[in-house]
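In the numbering used here, the protein residues as written are 1130 to 1277. Cβ coordinates follow ideal geometry from the N, Cα and C atoms, glycine included.
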């Protein structure tokens, strides 16, 4: 007799949900990394510009160019603030997706554990039935010898 798990369809459904949650999580990680990379680039650009401006100030710099740099740094600050929010939102989404993935993993593991226990019970029942059949065959052979 072949082992048939009674919750096989549910297990396959939960496994598919887990795989989908894994894909969504990986996408959220990618989005977080992209946003963090953009934020890093903006911060690096601002640092480089401030360094360049301080070097130029030592040698003298026209007021118009100072204003231009300050305006550009102000715009960079706005972009940095925006991307900090984007990174925070992406991190929160990523953490939420990670929690959902962990929950899906737990569900799948529960059903796999139940399947494993059911399979062990099935094997034990089969072994018991086989043992009883062997006992019966032995008894039949013994009875056949007694009759002769």
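Of the choices 1172, 1189, 1150, 1240, whose alpha-carbon is the least far from that of residue 1213?
Comparing Cα positions, the closest option is 1172.
Between which two residues does the alpha helix (DSSP H) containing residue 1188 stretch?
It spans 1137-1188 - the alpha helix (DSSP H) in which residue 1188 sits, taken as one unbroken run.
Touching or not, the stretch 1232-1243 and the stretch 1157-1175, by the rule of three or more beta carbon pairs under 8 angstroms?
Because the criterion of three Cβ pairs below 8 angstroms is not met, the stretch 1232-1243 and the stretch 1157-1175 do not touch.
Assign residue 1233 to buried or exposed, taking buried as 16 or more other Cβ atoms, counted over all protein chains shown, within 10 Å of its Cβ.
Per the 10 Å Cβ criterion, buried.
Given a cut-off of 8 angstroms, decide if residue 1150 and residue 1215 are closer than it, judged by their beta-carbon atoms.
Contact: no.
In or out: residue 1256 buried (at least 16 other Cβ within 10 Å) or exposed?
By the neighbour-count rule (16 or more Cβ atoms within 10 Å), residue 1256 is not buried but exposed.
Mind checking which residues open and close the alpha helix (DSSP H) that includes residue 1229?
Start and end: 1192-1276.
Compute the distance between the beta-carbons of residue 1179 and residue 1202, then report whether it is under 8 angstroms.
Result yes, Cβ atoms of residue 1179 and residue 1202 sit closer than 8 angstroms.
Have a look at 1148, 1154, 1145 and flag the residue whose alpha-carbon is nearest the alpha-carbon of residue 1219.
Taking only the C-alpha atoms, the option nearest residue 1219 is 1154.
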